[in-house]
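Written out below as structure tokens is the structure these notes cover.
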Amino acid sequence: FAAAPETVDPLIRAHILSLVSALGGVTPTGYDLGDDALACLKDLRRWLRLYDEKLNRYDVARCMAEANLVNGDLVEILADWKEEDTENKAKHRLALACVEILVPLTWPFEKSLSEMTQNHHRHQPVLLHAQASYKSAILRHSSRKILSSIARVALPSVAIPAIERTERDEGIIRLVLYFFRNIAMIEHPNPNESDTGEDINRCATIEAFNDQNVIHLLLAIASNMGGEFVTQDVVVMEAVYHLLKSVDIEQLFRTEEEERNKKVGSLTDLLKREDEMKRAAARSRSTRHNRFGTTVWMEKDDGRRAFVSGQDALLGRDTAQKKMDSSKKWKKPKGSDVKGVGHKTEFDLVVTLEGASKPQMRTFVEDFLDAGFNPLFSHVRRAIDRDAERLLNTNQRQFFYLVAWFLKAERARRKAAAKLQLQQPTADAAAADDSFSLVASVLNQEMLITLNRRMTEWYESKSWLELQSGMRCFTQILLTVQDMTASPLEEDQEIAENIQNRLFYEETTLDLIIGILRSYTKQPFGWLDDCTEMVHVHLKMLERYSKQHDHLFVRSKRQQKAKKKRQQQDGIDMPADDDNNEEDDEELSLQSRNTMRERAFDFKKFEGKLLQQSCVSTFLAFLDNYKELSYAQVKRAITFFHRIFVKRQEEVLLFRIDIVEQFYRIMQDPDGLPQGHPARKEMDQFVKYYLRKLIKKLENRPEMYVELLFTKLNSTMHYLTHGYDKEIRVRV
Amino acid sequence: PAEKKDTLGIDEEVKIRRKRVTVKLDEERLMSSLGIPKLRQDAPRKLKFKGKGHEYRDTARLLSYYQFWADDLYKKAKFRDTLKIIEKLGHSKSMKDQRLNWIEESKRKERLLR
Numbered sequence: 005f006a007a008a009p010e011t012v013d014p015l016i017r018a019h020i021l022s023l024v025s026a027l028g029g030v031t032p033t034g035y036d037l038g039d040d041a042l043a044c045l046k047d048l049r050r051w052l053r054l055y056d057e058k059l060n061r062y063d064v065a066r067c068m069a070e071a072n073l074v075n076g077d078l079v080e081i082l083a084d085w086k087e088e089d090t091e092n093k094a095k096h097r098l099a100l101a102c103v104e105i106l107v108p109l110t111w112p113f114e115k116s117l118s119e120m121t122q123n124h125h126r127h128q129p130v131l132l133h134a135q136a137s138y139k140s141a142i143l144r145h146s147s148r149k150i151l152s153s154i155a156r157v158a159l160p161s162v163a164i165p166a167i168e169r170t171e172r173d174e175g176i177i178r179l180v181l182y183f184f185r186n187i188a189m190i191e192h193p194n195p196n197e198s199d200t201g202e203d204i205n206r207c208a209t210i211e212a213f214n215d216q217n218v219i220h221l222l223l224a225i226a227s228n229m230g231g232e233f234v235t236q237d238v239v240v241m242e243a244v245y246h247l248l249k250s251v252d253i254e255q256l257f258r259t260e261e262e263e264r265n266k267k268v269g270s271l272t273d274l275l276k277r278e279d280e281m282k283r284a285a286a287r288s289r290s291t292r293h294n295r296f297g298t299t300v301w302m303e304k305d306d307g308r309r310a311f312v313s314g315q316d317a318l319l320g321r322d323t324a325q326k327k328m329d330s331s332k333k334w335k336k337p338k339g340s341d342v343k344g345v346g347h348k349t350e351f352d353l354v355v356t357l358e359g360a361s362k363p364q365m366r367t368f369v370e371d372f373l374d375a376g377f378n379p380l381f382s383h384v385r386r387a388i389d390r391d392a393e394r395l396l397n398t399n400q401r402q403f404f405y406l407v408a409w410f411l412k413a414e415r416a417r418r419k420a421a422a423k424l425q426l427q428q429p430t431a432d433a434a435a436a437d438d439s440f441s442l443v444a445s446v447l448n449q450e451m452l453i454t455l456n457r458r459m460t461e462w463y464e465s466k467s468w469l470e471l472q473s474g475m476r477c478f479t480q481i482l483l484t485v486q487d488m489t490a491s492p493l494e495e496d497q498e499i500a501e502n503i504q505n506r507l508f509y510e511e512t513t514l515d516l517i518i519g520i521l522r523s524y525t526k527q528p529f530g531w532l533d534d535c536t537e538m539v540h541v542h543l544k545m546l547e548r549y550s551k552q553h554d555h556l557f558v559r560s561k562r563q564q565k566a567k568k569k570r571q572q573q574d575g576i577d578m579p580a581d582d583d584n585n586e587e588d589d590e591e592l593s594l595q596s597r598n599t600m601r602e603r604a605f606d607f608k609k610f611e612g613k614l615l616q617q618s619c620v621s622t623f624l625a626f627l628d629n630y631k632e633l634s635y636a637q638v639k640r641a642i643t644f645f646h647r648i649f650v651k652r653q654e655e656v657l658l659f660r661i662d663i664v665e666q667f668y669r670i671m672q673d674p675d676g677l678p679q680g681h682p683a684r685k686e687m688d689q690f691v692k693y694y695l696r697k698l699i700k701k702l703e704n705r706p707e708m709y710v711e712l713l714f715t716k717l718n719s720t721m722h723y724l725t726h727g728y729d730k731e732i733r734v735r736v
Numbered sequence: 006p007a008e009k010k011d012t013l014g015i016d017e018e019v020k021i022r023r024k025r026v027t028v029k030l031d032e033e034r035l036m037s038s039l040g041i042p043k044l045r046q047d048a049p050r051k052l053k054f055k056g057k058g059h060e061y062r063d064t065a066r067l068l069s070y071y072q073f074w075a076d077d078l079y080k081k082a083k084f085r086d087t088l089k090i091i092e093k094l095g096h097s098k099s100m101k102d103q104r105l106n107w108i109e110e111s112k113r114k115e116r117l118l119r
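In the order they appear, the protein sequences are chains A and B.
Taking our numbering, the leading residue of the first sequence gets 5, the next gets one more, and so forth.
Taking our numbering, the leading residue of the second sequence gets 6, the next gets one more, and so forth.
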């Protein structure tokens, strides 16, 4: 074996190797089991448990990888288990013993850096590659039934009704589910040109899971969650999560034809853009050879000169000055990112499915929505509320991520169905008229409370990744509710009305939204995208809702008494303080009348909280990714700026020279927003309007030249905006 | 024997060289004659705009002016970085007071004109 002798204790290696060779071997006719194969498997399992797990090492796992145990033996044993032998106790036991070894061998390495020892660091990279090869062997085995064999291990236990199941049966089901989760989770650790990891990528995984009925097992268990199955909820959820994380939903619900058009469109589009880029580069390129020395000077206002070399400096003042700037070597030191806030996360990936896996995935998603969504997610939600022990930290964010994912998928499905019905009215596309009951379990009060509580917790503890899953979930709930208000069914509209009432009722939630927007520092683009989307959608809906309702109640912290009063009216038992009830009553009614009166202005007041530099900076940082933004995303930023600049007339807030520079760069720089960008026209309109106002302001108030450099002071904002000081009313 | 001593270099006096002082963009520099005072004096006089219909050209003019000003003030850093540093300096108490004074001054001027 290739490994250096000192990586593992030779004695352990000898033990493992003798066990593996005693297990059996491949013959021309199939796999021949050794005499004591079952005992060997048990021994191997014992080694893993009593050495690796107990001593917190990876030595045994490493030896097993070297001995080719999985690919040479276990997979072959499982492949030899024929369907007619399912009832055969001895063979079942053998297969189970294989799974018992496979699960720890494929288990994800989830230790944090501080927990890892030298031993872990030594073995982990090798084991990661070994796991990829296990997955490849399992998915690509010539019999194409390893996964279904493993599923068969669990079937006898699954068939037993829940009350009659023993502890062992439950354990077997969980074991098999964990195996599927592990397989779904394994990725190639280091894809490169010669080894792309294509044989174990998402498409391959989904195809294998579908062909070998694993997906159906997952669906069956998910749809019976709460009934026949109880403790398996988290494992099933995890398996589903790793199957569909980062999958592009819109692509999933496009038909073949749309997909083709899109692809062709995007190819020509991309070529066009590349051409444009090339032309822009050619414009500034020198027309002579690179030693054709050229020196240009620019005269400054006071007659002094600045020198720039290179032919392109001749093109114009703009390019010359840009060149002057880019020749500077010094870089402003960026603050170190000790906590890794700026690192890309798993939420920043996008996976596109190809070939057969796409329709298979789509069927799975639709089936899951129809049958598994409500039972599984209401069950997990309750587990989260209870802080159940089986939940890991990562499970919560997976839960919210999945809820958001499926809500978006459901909306995409409805849209696709509605489109289909428009094209062929006779086709049975009833889905568009269905009520939203398929996703009702995440639209109830309990869910909103859970989500709200978690988001507050995560916001306060600065757990940005978790918060991101919460934000996504919240956005999707809002969008679903928005779709519900447009539903032809009266019942849906009523529910939507109700949910909105509850959503916009808590002032703490409203403040949380703005708090999150203000808390942006270095988070990756995906976070920024989710954050701005949430704020955008929330603000739009709240605005519309407050317009429709003159008297909008908001519960703020100060009105504790009013809350108590309402609860009493609702018949909720309160601690007895009956004696002073009557006195309170008058006071309370007075208070609630006061709040009623305030509500009419409420939206403006709420919107006013957005008029801060920190909110503006978040959107500016978002817009700075303009080259990658879609139409809707650019529009989102423009809408926000429009809200501040035009609607609220808080022009001064945006008058800063770096903002001017950014806007100018986006519109005028060769590196700016591409010419054919769909949002270019609207951006142009806004920027022009903005610049016109700015120049007028500069002409009227010369003190703006200095203030343009800074964030404005609160005390001078009013004067700079209007040209006179705020009238202060003194009460006499 | 004297030569031997020299090769070791023990008797030579050790010169302590100070590290070169790096130029910093701080409040002092910002308030120097190259900084904001110059901007206040020159910008309104020297910048002329064409107004409606020429938004981008006017802005190019404006940005170019600020870039030369920033370059004179702090040669080392790029335009955008300089702006960031200056913006941050504006948060200090003394800068805030100073800015308030300037605005008060222009208010007074305006009142006199009326």
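C-beta atoms are modelled at their ideal positions from N, C-alpha and C, and glycine is treated no differently.
Per DSSP, the bridge partner or partners of residue i
{"i": "W531/A", "result": "Looking at the DSSP assignment, W531/A forms no beta bridge with any residue, so it has no partner."}
{"i": "E510/A", "result": "R559/A"}
{"i": "V312/A", "result": "V300/A"}
{"i": "V355/A", "result": "V251/A"}
{"i": "M229/A", "result": "F233/A"}
Chain B residues whose Cβ lies nearer than 9 Å to that of residue i
{"i": "Y723/A", "result": "I108, K112"}
{"i": "D341/A", "result": "Those do not exist, as D341/A stays about 17 Å from chain B at its closest Cβ, beyond 9 Å."}
{"i": "L677/A", "result": "The contacting residues do not exist; L677/A stays about 13 Å from chain B at best."}
Span of the beta strand (DSSP E), counted from its first residue to its last, around residue i
{"i": "Y35/A", "result": "34-37"}
{"i": "V656/A", "result": "Neither: V656/A is in no beta strand (DSSP E) and is coded neither H nor E."}
{"i": "G28/A", "result": "28-31"}
Contacts of residue i in chain A (Cβ-Cβ under 9 Å)
{"i": "E17/B", "result": "Chain A residues near E17/B: none, gap ~36 Å exceeds 9 Å."}
{"i": "D31/B", "result": "Result: empty, since nearest Cβ-Cβ is about 14 Å, beyond 9 Å."}
Proximal residues to residue i (C-beta, below 7 Å), its chain only, five neighbours per side dropped
{"i": "V354/A", "result": "S250, D252"}
{"i": "R258/A", "result": "K266"}
{"i": "M721/A", "result": "V656"}
{"i": "A7/B", "result": "For A7/B, the pLDDT reaches just 49, beneath the cut-off of 50, and the residue's location in the model is therefore unreliable, although a value from the coordinates is still provided. Excluding sequence neighbours, A7/B sits near nothing in its chain."}
{"i": "L82/A", "result": "A99, C102, I150, S153, I154"}
{"i": "G230/A", "result": "P379, H383"}
{"i": "L482/A", "result": "V541, H542, M545"}
Same chain only: Cβ atoms within 6 Å of residue i, ignoring 5 sequence neighbours per side
{"i": "Q2/A", "result": "In the structure displayed, chain A extends from 5 to 736; residue 2/A sits before or after that span and is not available."}
{"i": "A580/A", "result": "Because the pLDDT of A580/A is 43, which lies under 50, any placement of that residue in the model is unreliable, and the question is left without a value."}
{"i": "D583/A", "result": "Reliability of the predicted coordinates at D583/A is poor, the pLDDT of 45 falling under 50, and no value is obtained from them."}
{"i": "E242/A", "result": "R185"}
Same chain only: Cβ atoms within 8 Å of residue i, ignoring 5 sequence neighbours per side
{"i": "R660/A", "result": "L712, L713, F714, T715"}
{"i": "T622/A", "result": "L521, R522, Y524, L532, C535, T536"}
{"i": "H96/B", "result": "none"}
{"i": "V443/A", "result": "L373, F377, N378, F410, L411, E414, T484"}
{"i": "K366/A", "result": "Checking the sequence shown, residue 366/A turns out to be Arg, not Lys. Once the five neighbours on either side are set aside, the close Cβ partners of R366/A are L256, F257."}
Chain-ordered chain B contacts of residue i [CB-CB under 8 Å]
{"i": "E711/A", "result": "R104, I108"}
Where the alpha helix (DSSP H) containing residue i begins and where it ends
{"i": "R2/A", "result": "Here chain A covers residues 5 to 736 and nothing more, so residue 2/A does not appear."}
{"i": "E611/A", "result": "606-612"}
{"i": "D56/A", "result": "It is not in any alpha helix (DSSP H) - D56/A carries neither H nor E in the DSSP assignment."}
{"i": "D86/B", "result": "84-94"}
{"i": "R476/A", "result": "468-489"}
{"i": "A61/B", "result": "Note on identity: in this sequence residue 61/B is Tyr, with Ala being the wrong assignment. 60-78 is the span of the alpha helix (DSSP H), which, as asked, contains Y61/B."}
{"i": "K51/B", "result": "41-51"}
{"i": "P160/A", "result": "150-163"}
Closer than 8 Å at the beta carbon, the chain A residues around residue i
{"i": "S69/B", "result": "R321, D322, Q325"}
{"i": "R119/B", "result": "Result: empty, since nearest Cβ-Cβ is about 12 Å, beyond 8 Å."}
{"i": "G40/B", "result": "Residues of chain A passing the Cβ test: none, with the nearest at roughly 10 Å."}
{"i": "K51/B", "result": "D305"}
Mind checking the region 79-102 of chain B against chain A and listing, in chain order, the residues whose C-beta falls within less than 9 Å of any C-beta there? K80, K81, A82, K83, F84, R85, D86, T87, L88, K89, I90, I91, E92, L94, G95, H96, M100, K101
Pull out every residue of the region 634-664 of chain A whose Cβ sits closer than 7 Å to any Cβ of chain B, in chain order. I661, D662, V664
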